[in-house]
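J.: If you want the numbering used here, it's the 1-based position in the sequence shown plus 5. First, the structure itself, so that you have it in front of you.
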Amino acid sequence: MLNKIWNSFFFLALFSSLYQWFFLGNGDIFSAVINSIFDMSKVTVEIAIGLIGILSFWLGMMKVAEQAGVINRIALIISPLFQKLMPQVPKGHPAMGSMTMNLSANFLGLDNAATPLGLKAMQDLQTLNPKKDTATDAQILFLVLNTSSVTLFPIAVFVYRAQQGAASPTDVFIPILLATFASSFAGLLAVAYKQKIQLMQKIILLYFSAGAALLMALIIYFAQLSSEALAQQSSILGNSLIFFTMIAFISAAMWRKVNVYDAFISGAKEGFETSIKLIPYLLAMLVAIGVLRASGALTLIVDTFRYLVASAGFDTAFVDAMPTALMKPLSGSGSRAMMIETMNTYGADSFAGRLASIMQGSTETTFYVLAVYFGSVGIRYTRHAVTCGLIADFAGMFAAICVCYWFFG
């Protein structure tokens with residue numbers, strides 16, 4: 006999928022460049038394309054260097070949390086919910102522990118820890134699968150929750166916003182939280198409808214009520230604020246929550262007699278390695294997107310969509326961020342590059358820049374997650390997994406647009 010997307014960007018750029026050269030007489034188009042390649046290559050290095058420090062720091066803190074048992078504690082809290090949502094998984098089965106650990110790691114933004122835990126959960130669920138090439142109900146629900154899972158700390162989004170010059174990189178914190186909750190809730194409802202899961206159970210209602218109460222409290226509080234105060238309060242809440250959470254991680258580690266410094270250094274080393282590994286992927290996508298924009302192809306696509314939206318009588322301010330939304334289900338590196346390119350073009354604090362950031366943090370990469378997780382156990386028939394995953398994606402993107410208009414419109 007990623008190979009086809011990457012190749013298509015260059016061929017679309019070629020056709021657009023040839024059109025401008027032959028029919029519009031724009032002889033400078035190829036110079037613009039080549040300059041874009043050099044510019045995006047330079048931007049890639051600048052972004053990667055800026056990532057090293059904060060990503061190393063955050064993964065260091067996450068390693069402290071991991072060794073302090075924070076993930077285990079969160080897993081214990083949410084495991085009763087999954088026992089009700091997945092009755093076909095026997096109580097005490099290893100799959101239940103793997104799934105809750107994976108989703109807990111995702112909740113904290115521990116991507117490096119979440120992926121191996123997710124693969125282990127899929128393998129454990131496969132032991133209960135009577136048809137080894139067909140996804141079970143439990144596997145589908147797990148995958149949809151994974152692709153739409155709530156991430157409390159979208160640190161990478163904050164880092165990229167800071168790199169692009171955002172005045173307050175965390176002012177999108179609450180909008181991302183609201184959008185990702187909408188995505189997860191829509192995904193769960195879609196799966197529950199298809200699998201006829203009885204949601205009117207005491208345990209499920211208790212968890213839903215707690216989540217709904219938190220969301221309503223946030224909505225009621227922010228509904229009272231002026232448009233200027235919304236972004237400010239989102240930033241304050243985001244920064245304070247991140248700081249107090251870090252203090253809680255350190256305190257929990259000290260309580261359990263963990264060597265906090267050594268744990269932090271161990272995680273920070275992983276952060277450095279992760280930053281370096283990102284460079285080729287970020288370079289590939291940023292250059293391809295830069296070529297697409299320089300050739301005029303991306304502008305043509307966006308303007309066509311803008312015309313259709315305007316013809317329907319809707320505001321078009323959100324259109325410039327739509328490339329990120331369209332890329333998100335297909336490619337994580339692609340959508341990340343689209344977000345960066347949008348901020349680079351329009352500004353990190355522009356409406357489009359903020360909306361692209363919210364979209365990037367609202368869902369996971371559906372097709373990639375399904376391919377990796379199902380592929381790891383040899384599943385070929387995914388049944389309703391793709392449909393439910395895309396429903397969650399659509400809900401997340403629609404919610405992202407709505408909350409961005411609310412906070413920054």
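The beta carbon of each residue, even a glycine, is placed where N, CA and C say it ideally should be. These figures come from a predicted structure and were not determined experimentally.
1. Does DSSP classify Pro139 as helix, strand or coil?
2. If you draw a straight line from the C-alpha of Ser240 to the C-alpha of Lys136, how long is it?
3. Relative to the alpha-carbon of Ser189, which residue among Leu148, Ile179 and Ala140 has its alpha-carbon at the smallest distance?
4. Quick check on the DSSP output: the alpha helix (DSSP H) that includes Asn107 runs from which residue to which?
5. Please report the residue range of the alpha helix (DSSP H) in which Leu313 lies.
6. Taking the continuous alpha helix (DSSP H) assigned at Phe158, which residues delimit it?
7. Assuming Tyr386 is part of the alpha helix (DSSP H), what are its boundary residues?
8. Check Ser46 in the structure and name its three-state DSSP category.
9. Can you find at least 3 beta carbon pairs, one from the region 339-349 and one from the region 70-82, that sit closer than 8 Å?
10. Give the DSSP-derived three-state secondary structure of Pro92 in the structure shown.
11. Leaving out the 5 sequence neighbours to the left and right, which residues in its chain are closer than 7 Å to Met344 when beta-carbon positions are compared?
12. Spell out a yes or no on whether the region 315-322 and the region 120-139 are touching, meaning 3 or more CB-CB pairs, one atom from each, closer than 8 Å.
13. Drop a sphere of 10 angstroms on the beta-carbon of Ala236, count the other beta-carbons inside from all chains shown, and report buried for 16 or more, exposed for fewer.
14. How should Arg261 be labelled, buried or exposed, when 16 other C-beta atoms within 10 angstroms of its C-beta is the threshold for buried?
15. For the putative contact between Gly4 and Cys393, defined by C-beta atoms under 8 Å, what is the C-beta separation to the nearest angstrom?
16. For Tyr312 and Ala357, what's the separation of their Cα atoms in angstroms?
17. When you compare the CB positions of Phe45 and Leu291, do they come within less than 8 Å of one another, or not?
18. Decide yes or no for the touch test of the region 384-404 against the region 206-222: beta carbon pairs closer than 8 Å, at least 3 of them.
19. Please report the straight-line C-alpha distance between Met251 and Arg388, rounded to a whole angstrom.
20. Nearest CA to the CA of Met2: which residue from Phe186, Asp176 and Glu51?
21. Can you tell me where the alpha helix (DSSP H) with Phe178 in it begins and where it stops?
22. Phe112 and Leu150: beta carbons closer than 8 Å?
23. Given this structure, state the Cα-to-Cα distance separating Leu219 from Leu183, to the nearest angstrom.
24. Less than 8 Å between the CB atoms is what I'm expecting for Ala257 and Gly74, so what's the real figure, rounded?
25. Under a three-way DSSP split, which group does Val324 fall into?
26. Closer than 7 Å by C-beta to Ile10: which residues in its own chain qualify, once you throw out the five before and the five after it? Chain order, please.
27. Straight-line CA distance for Tyr24 to Asn107?
28. Cutting at 7 Å between CB atoms, please list the residues of its own chain near Ala268, excluding the five before and the five after it.
29. Are the CB atoms of Gln169 and Ala353 nearer to each other than 8 Å?
30. Between Lys89 and the rest of its own chain, which residues show a CB-CB distance below 8 Å, the 5 nearest in sequence each way excluded?
31. Between the alpha carbons of Met221 and Phe14, how many angstroms are there, rounded?
32. Assign Arg385 to one of two classes, buried (16 or more other C-beta atoms within 10 Å of its C-beta) or exposed (fewer than that).
33. Comparing C-alpha positions only, which one of Leu297, Met91 and Arg298 sits nearest to Ala197?
34. Hey, out of Ala217, Gly383, Ala18 and Val263, whose CA is closest to Ala416's CA?
T.: Let's see:
1. By 1-based counting over the sequence shown, the position of residue 139 is 134. According to the sequence displayed, residue 139 carries Thr and not Pro. In the structure shown, the three-state DSSP call for Thr139 is strand.
2. Position 235 of the sequence shown, counted from the start, is the residue given in the question as residue 240. Position 131 of the sequence shown, counted from the start, is the residue given in the question as residue 136. Cα to Cα, Ser240 sits roughly 49 Å from Lys136.
3. Translated into the one-based positions of the sequence shown, residue 189 becomes position 184. It is Leu148.
4. Within the sequence shown, residue 107 is the residue found at index 102, counting from 1. DSSP places Asn107 in the uninterrupted alpha helix (DSSP H) bounded by Pro99 to Phe112.
5. As a first step, residue 313 must be located in the sequence shown, where it is residue number 308. Here the alpha helix (DSSP H) through Leu313 covers Ala302 to Ser316.
6. The residue you call residue 158 lines up with position 153 of the sequence shown. Where Phe158 is concerned, there is no enclosing alpha helix (DSSP H), given that its DSSP letter is neither H nor E.
7. Your numbering for residue 386 matches position 381 in the sequence shown. That residue, Tyr386, is in no alpha helix (DSSP H); it is neither H nor E in DSSP.
8. Taking the first residue of the sequence shown as position 1, residue 46 is located at position 41. Residue state, collapsed to three classes: helix.
9. Touching, no.
10. Residue numbering aside, residue 92 sits at position 87 when the sequence shown is read from its first letter. Note: Pro92 maps to coil in three-state DSSP.
11. For the purposes of this step, residue 344 is taken as the residue at position 339 of the sequence shown. Correct list, in chain order: Tyr165, Thr329, Ala361, Ser362 and Gln365.
12. Taking 8 Å as the limit for Cβ pairs, the verdict is that the region 120-139 does not touch the region 315-322.
13. Translated into positions along the sequence shown, residue 236 becomes position 231. Per the 10 Å Cβ criterion, buried.
14. Looking up residue 261 in the sequence shown gives position 256. In the assembly as shown, Arg261 is an exposed residue. Its beta-carbon has fewer than 16 other beta-carbons within 10 Å.
15. What is shown of the chain runs 6 to 414, which leaves residue 4 out entirely.
16. On the sequence shown, residue 312 is found 307 positions in, with the first residue counted as 1. On the sequence shown, residue 357 is found 352 positions in, with the first residue counted as 1. When rounded, the distance between both Cα atoms is 17 Å.
17. Indexing the sequence shown from 1 puts residue 45 at position 40. Indexing the sequence shown from 1 puts residue 291 at position 286. According to the sequence provided, residue 45 is Met. The question's Phe does not apply to it. The answer is yes: Cβ separation under 8 Å.
18. Because the criterion of three Cβ pairs below 8 Å is not met, the region 384-404 and the region 206-222 do not touch.
19. Mapped onto the sequence shown, residue 251 falls at position 246. Mapped onto the sequence shown, residue 388 falls at position 383. Taking the CA atoms as reference points, Met251 sits about 41 Å from Arg388.
20. Within the shown structure, residues of the chain are numbered from 6 to 414, placing residue 2 beyond reach of any answer.
21. Residue mapping note: residue 178 aligns to position 173 of the sequence shown, counting from 1. Counting along the chain, the alpha helix (DSSP H) containing Phe178 begins and ends at Phe178 to Gln200.
22. Counted from its first residue, the sequence shown places residue 112 at position 107. Counted from its first residue, the sequence shown places residue 150 at position 145. Not closer than 8 Å, so no.
23. On the sequence shown, position 214 is the one that residue 219 refers to. On the sequence shown, position 178 is the one that residue 183 refers to. Answer to the nearest angstrom: the Cα atoms are 10 Å apart.
24. By 1-based counting over the sequence shown, the position of residue 257 is 252. By 1-based counting over the sequence shown, the position of residue 74 is 69. Contact annotation, Ala257 with Gly74: C-beta distance approximately 7 Å; criterion of less than 8 Å satisfied.
25. Residue numbering aside, residue 324 sits at position 319 when the sequence shown is read from its first letter. The DSSP-derived three-state label of Val324 is helix.
26. One-based indexing of the sequence shown puts residue 10 at position 5. Sequence-distant Cβ neighbours of Ile10 in its own chain, meaning closer than 7 Å and more than five residues away, are Leu335, Ser336 and Gly339.
27. The count along the sequence shown starts at 1 and reaches residue 24 at position 19. The count along the sequence shown starts at 1 and reaches residue 107 at position 102. In a straight line, the C-alpha of Tyr24 is about 49 Å away from that of Asn107.
28. Walking along the sequence shown from the start, residue 268 turns up at place 263. Cβ within range, chain order: Lys68, Val69, Gln72 and Ala258.
29. Here the question's residue 169 lines up with position 164 in the sequence shown. Here the question's residue 353 lines up with position 348 in the sequence shown. Closer than 8 Å, so yes.
30. Within the sequence shown, residue 89 is the residue found at index 84, counting from 1. Result list for Lys89: Gln206, Ile208 and Ile209, in chain order.
31. Working through the sequence shown from its first residue, we reach residue 221 at position 216. Working through the sequence shown from its first residue, we reach residue 14 at position 9. Roughly 42 Å separates the two Cα atoms.
32. As a working note, residue 385 is residue 380 in the sequence shown. Exposed is the call here.
33. Here residue 197 is taken as the residue at index 192 of the sequence shown, counted from 1. The shortest C-alpha to C-alpha distance from Ala197 to any of Leu297, Met91 and Arg298 is the one to Met91.
34. In the structure as shown, the chain starts at 6 and stops at 414, and residue 416 therefore has no counterpart that could be examined.
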